[in-house]
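Trainee: In terms of our numbering, the sequence shown opens at residue 3 and continues consecutively. All C-beta atoms in this analysis are idealised placements derived from N, C-alpha and C, irrespective of residue type, glycine included. Please read all numbers here as calculations on a predicted model, not as lab measurements.
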Amino acid sequence: MNAPLAGLGVAVTRPAGSGDALAARLTTLGANVLLFPAIVLEPAPLSAEAADLLEALEGFDWAVFISPGAVACFTDLRRQREWPAGVRTAAVGTATAASLRAAGAGEVVVPAAGDGAAALLATPGFAAGRGARVLIVRGEGGRAELAETLAARGAEVSEVALYRRVPPADGARLFDWLRAQPRPALLVTSVTALEHLESLAQSAEERTLLHAAQLVVASRRVVKQAEILDYRHISLAADAGDAALTAALLRWWSPEHS
Numbered sequence: 003m004n005a006p007l008a009g010l011g012v013a014v015t016r017p018a019g020s021g022d023a024l025a026a027r028l029t030t031l032g033a034n035v036l037l038f039p040a041i042v043l044e045p046a047p048l049s050a051e052a053a054d055l056l057e058a059l060e061g062f063d064w065a066v067f068i069s070p071g072a073v074a075c076f077t078d079l080r081r082q083r084e085w086p087a088g089v090r091t092a093a094v095g096t097a098t099a100a101s102l103r104a105a106g107a108g109e110v111v112v113p114a115a116g117d118g119a120a121a122l123l124a125t126p127g128f129a130a131g132r133g134a135r136v137l138i139v140r141g142e143g144g145r146a147e148l149a150e151t152l153a154a155r156g157a158e159v160s161e162v163a164l165y166r167r168v169p170p171a172d173g174a175r176l177f178d179w180l181r182a183q184p185r186p187a188l189l190v191t192s193v194t195a196l197e198h199l200e201s202l203a204q205s206a207e208e209r210t211l212l213h214a215a216q217l218v219v220a221s222r223r224v225v226k227q228a229e230i231l232d233y234r235h236i237s238l239a240a241d242a243g244d245a246a247l248t249a250a251l252l253r254w255w256s257p258e259h260s
């Protein structure tokens, strides 16, 4: 059996539930995989304005979802009501699109290649231009690129933040795993996830364990932050998708261990 990642330990740090398929793929390739969500999602307090926006969903032309967590919080708050006809739905990536379809959204506009706001904004089917009413469903914080670009195109943009991102509480599990790996890799797809990992290190030894790992990231923003934090071993994937992250791991690992 071909196992090109045999001997490699890989920590998948996506939020809970969004890294399972990637973990299964890497395990099939021979990796020793740790599922360690670096971002824990918890519901944000719902303001009266946010509640009104959710109730008025039928009045929007587009509902745009930033993450699977945004979809989960949205469906919980809507209490499984049917998806409103006439509201077009868009997602910034394939995982979010899959969550939307599972929730009953039907047709979802999603980038054909890559993930993120820029990829969605460049998607021909995402015609949210002048006069369009757009609701962006997201978490607290994050970049404003999507809302700002849509507003510049003439859309009427509203946003609702349904969750916040907090660090995990079980950092010891990660560091115990790192100590047991001869050459581990960390898959990190956002600046927030990287900063949460860094915050878990309670000693110089734990920080050294993190920084000695191979960091596989999905954007130049994460590369820049990793360099600021003094990570030295960084590989850049083409995007945040499973295939791109796997390919980046293979490019790094296979030449050194073939």
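(1) Between Ser260 and Ala8, what straight-line distance do the alpha-carbon atoms span, to the nearest angstrom?
(2) Counting only the same chain and skipping the five closest in sequence on each side, list residues whose C-beta sits under 8 Å from that of Val14.
(3) Whole angstroms are fine: how far does the CA of Asp54 sit from the CA of Ala130?
(4) Out of Thr210, Leu152 and Leu211, which one is the CA nearest neighbour of Thr125?
(5) Just the Cα atoms here: how many angstroms apart are Ile236 and Leu212?
(6) What residue range is occupied by the uninterrupted alpha helix (DSSP H) comprising Arg90?
(7) Report back the beta-carbon spacing between Thr191 and Arg16 to the nearest angstrom; my notes put them in contact at under 8 Å.
(8) What first and last residue would you give for the beta strand (DSSP E) that runs through Phe67?
(9) If I measure Cβ to Cβ from Gly156 and keep anything under 7 Å in the same chain, skipping five residues before and after, which residues do I get?
(10) I need the DSSP call for Ser260, collapsed to helix, strand or coil.
(11) For Arg185, tell me which candidate among Ala214, Val168 and Val159 has the shortest Cα-Cα distance.
(12) What are the boundary residues of the beta strand (DSSP E) that Pro101 is part of?
(13) DSSP three-state label for Glu84, please.
(14) Could you check whether Val89 and Ala65 sit closer than 7 Å to each other, using their CB atoms as the reference points?
(15) Report buried or exposed for Val168, applying the criterion of at least 16 other Cβ atoms within 10 angstroms of its Cβ.
(16) Does Glu200 pass the burial test, meaning 16 or more other C-beta atoms within 10 Å, or should it be called exposed?
(17) Determine the extent of the alpha helix (DSSP H) in which Arg209 is found, giving its start and end residues.
Mentor: The answer reads as follows:
(1) On the sequence shown, position 258 is the one that residue 260 refers to. On the sequence shown, position 6 is the one that residue 8 refers to. In this prediction, Ser260 has a pLDDT of 47, which is less than 50 and means its spatial position is unreliable; what the coordinates show is noted afterwards. Taking the straight line from one Cα to the other gives about 10 Å.
(2) Here the question's residue 14 lines up with position 12 in the sequence shown. Closer than 8 Å at Cβ, skipping near neighbours: Gly21, Leu24, Ala25, Leu28, Val35, Leu36, Leu37, Phe38 and Leu189.
(3) Counted from its first residue, the sequence shown places residue 130 at position 128. Counted from its first residue, the sequence shown places residue 54 at position 52. When only Cα atoms are considered, Ala130 and Asp54 end up about 22 Å apart.
(4) Along the sequence shown, one-based indexing puts residue 125 at 123. Considering only Thr210, Leu152 and Leu211, the residue with the shortest C-alpha distance to Thr125 is Leu152.
(5) Here the question's residue 236 lines up with position 234 in the sequence shown. Here the question's residue 212 lines up with position 210 in the sequence shown. For Ile236 and Leu212, the distance between alpha carbons rounds to 12 Å.
(6) One-based indexing of the sequence shown puts residue 90 at position 88. Taken as a continuous stretch (DSSP letters only), Arg90 belongs to no alpha helix (DSSP H), being part of the beta strand (DSSP E) at Arg90 to Ala93.
(7) Your numbering for residue 191 matches position 189 in the sequence shown. Your numbering for residue 16 matches position 14 in the sequence shown. Their Cβ separation, rounded to whole angstroms, is 6 Å, which keeps Thr191 and Arg16 in contact under 8 Å.
(8) The residue labelled residue 67 in the question sits at position 65 within the sequence shown. Trp64 to Phe67 is the extent of the beta strand (DSSP E) around Phe67.
(9) Taking the first residue of the sequence shown as position 1, residue 156 is located at position 154. Gly131, Arg132 and Gly133.
(10) Locating residue 260 in the sequence shown gives position 258, counting from the first residue. Because the pLDDT at Ser260 is just 47, under 50, the model does not fix this residue reliably, and the value given afterwards should be weighed accordingly. Annotated three-state conformation of Ser260 is coil, per DSSP.
(11) Within the sequence shown, numbered from 1, the residue matching residue 185 stands at position 183. Ranking Ala214, Val168 and Val159 by Cα distance to Arg185 puts Ala214 first.
(12) The count along the sequence shown starts at 1 and reaches residue 101 at position 99. This sequence places Ser at residue 101; Pro is not what is there. For Ser101, there is no enclosing beta strand (DSSP E); the enclosing alpha helix (DSSP H) covers residues Thr96 to Ala104.
(13) Taking the sequence shown and counting its residues from 1, the one referred to as residue 84 is at position 82. The answer is coil: DSSP assigns Glu84 none of H, G, I, E or B.
(14) Translated into the one-based positions of the sequence shown, residue 65 becomes position 63. Translated into the one-based positions of the sequence shown, residue 89 becomes position 87. Closer than 7 Å, so yes.
(15) If you number the sequence shown from 1, residue 168 lands on position 166. The C-beta of Val168 has fewer than 16 other C-beta atoms within 10 Å across all chains shown, which makes the residue exposed.
(16) As a working mapping, residue 200 is identified with position 198 in the sequence shown. Around the beta carbon of Glu200, 16 or more other beta carbons sit within 10 angstroms, so the residue counts as buried.
(17) Locating residue 209 in the sequence shown gives position 207, counting from the first residue. Here the alpha helix (DSSP H) through Arg209 covers Ala206 to Ala214.
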